[in-house]
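Under the working numbering, the residue at position 64 of the sequence shown is numbered 68, and the numbers go up by one with no gaps. Idealized CB from N, CA, C, for every residue including glycine. Data first, discussion second: the structure below is written as structure tokens.
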Amino acid sequence: MAHLRTSCPSLRAFAGIMTCPKDAASMQSLPRQQMSTLSSRTNIQHQSNPQHERRENYRPNTTTEEEDHYVLTLSTDDAHHKAVTALRRQWFPARLLKVEAHVTLFHALPGSKLHQLKQDIAEISQYTTKFDITVKKEGIYEMGKGVGIRISEGQKKAAKLRSELRDKWEPFLSRQDQQERWRGHYTIMNKEDDKSRVLECLNELQDSFEDNRGAVNGLNLWRYDRGWWREVEAFSFRK
């Protein structure tokens with residue numbers, strides 16, 4: 005699974021937080037302590053942009069503030085992935101489309117545990133065999149400002165896989181990722197403010213969607229980067 009490769013929008017500065025010197029000379033004349041304060045405020049300004057704030061439920065349960073978060077998804081064959089991604093490209097708001105279609109197992113894994121994460125994922129992948137995955141018309145549903153398709157065939161095996169990893173990672177998982185109940189799905193549309201557009205997507209999929217079957221070949225680990233996903237490693241299942 006590949007992320008969409010487009011330029012990332014620049015962050016806007018918050019007005020009124022600080023006043024910057026107009027030129028390099030005046031910058032050099034500032035006391036060292038004041039320079040440090042300006043640098044610190046600039047970092048806070050960058051990090052606190054609400055556009056990229058992680059919701060509380062997505063925060064890992066660790067003792068330190070995590071600089072990096074990771075996402076774990078199912079990895080499917082190309083034909084199935086491309087078919088579902090085509091629907092997502094068609095219906096997802098273009099200005100917000102940053103990642104391709106995916107079934108997420110965990111949304112916010114802590115970077116401080118990356119070594120353990122990789123070890124556990126590699127271990128479970130070694131003894132997991134590939135399995136079928138199917139999305140059907142009856143799995144289509146409205147999800148607030150969007151539309152999703154639940155997976156049918158493959159749900160039990162994917163849920164079992166997730167449960168095993170959850171048991172290993174529960175102490176440091178976010179509140180959302182700690183939940184035992186999990187239903188695998190693809191998000192075709194989300195964050196759409198136009199309700200008529202949501203209903204249009206829902207009705208068209210319910211009328212014309214044809215069942216699509218594929219295979220889950222492994223797991224993909226991604227680093228969350230302000231809405232974008234950067235692939236870290238792909239883990240293949242046994243054949």
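Query	Result
Contact set for K149: own chain, Cβ-Cβ below 7 Å, skip 5 residues either direction	N194, K195, E196, D197 and V202
Continuous beta strand (DSSP E) stretch holding E127: start and end	Counting along the chain, E127 falls outside any beta strand (DSSP E), though it belongs to the alpha helix (DSSP H) covering L118 to Q130.
Buried versus exposed call for T133 [16 or more other C-beta atoms within 10 Å across all chains shown]	exposed
Cβ-based neighbour list, R242, same chain, cut-off 6 Å, excluding 5 preceding and 5 following	T133
Residue-level contact to chain D via CB, D215, 7 Å cutoff	As a matter of chain content, chain D is missing from the structure shown, which is built from one protein chain.
Whether R170 touches N61 by CB criterion (7 Å)	no
Exposure of L91, with buried meaning 16 or more beta-carbon neighbours within 10 Å	buried
F239 - DSSP class collapsed to helix/strand/coil	strand
Alpha carbon of Q138 to alpha carbon of W233, nearest angstrom	Per the sequence shown, residue 138 should be read as Thr rather than Gln. Cα-Cα distance, rounded: 24 Å.
Whole-angstrom distance between Y228 and A98, CA atom to CA atom	19 Å
Outcome for S79 when other beta-carbon atoms lying within 10 angstroms are tallied against a minimum of 16	buried
Cβ distance (whole Å) where L206 is taken to contact I155 below 8 Å	So it is not a contact: roughly 18 Å between Cβ atoms.
Residues bridged to R217 (per DSSP)	T138
Option nearest H106 by Cα separation, candidates E208, I128, V75 and P175	V75
Beta-carbon contacts of Q210 that lie in its chain and below 7 Å, excluding the five residues immediately before and after	K141 and I144
Terminal residues of the alpha helix (DSSP H) in which A163 lies	Q159 to W173
Enclosing beta strand (DSSP E) for L113 [first to last residue]	T108 to P114
DSSP state of T41 mapped onto helix, strand, coil	With a pLDDT of only 38 at T41, under the threshold of 50, the placement of this residue in the model should not be trusted; the figure read from the coordinates follows. T41: helix per DSSP, three-state reduction.
Beta-carbon spacing of G188, K102 below 7 Å	no
8 Å CB neighbourhood of T41 in its chain, flanking five on each side removed	In this predicted model, T41 has a pLDDT of only 38, less than 50, meaning its place in the structure is not dependable; the value taken from the coordinates is given anyway. Excluding sequence neighbours, T41 sits near nothing in its chain.
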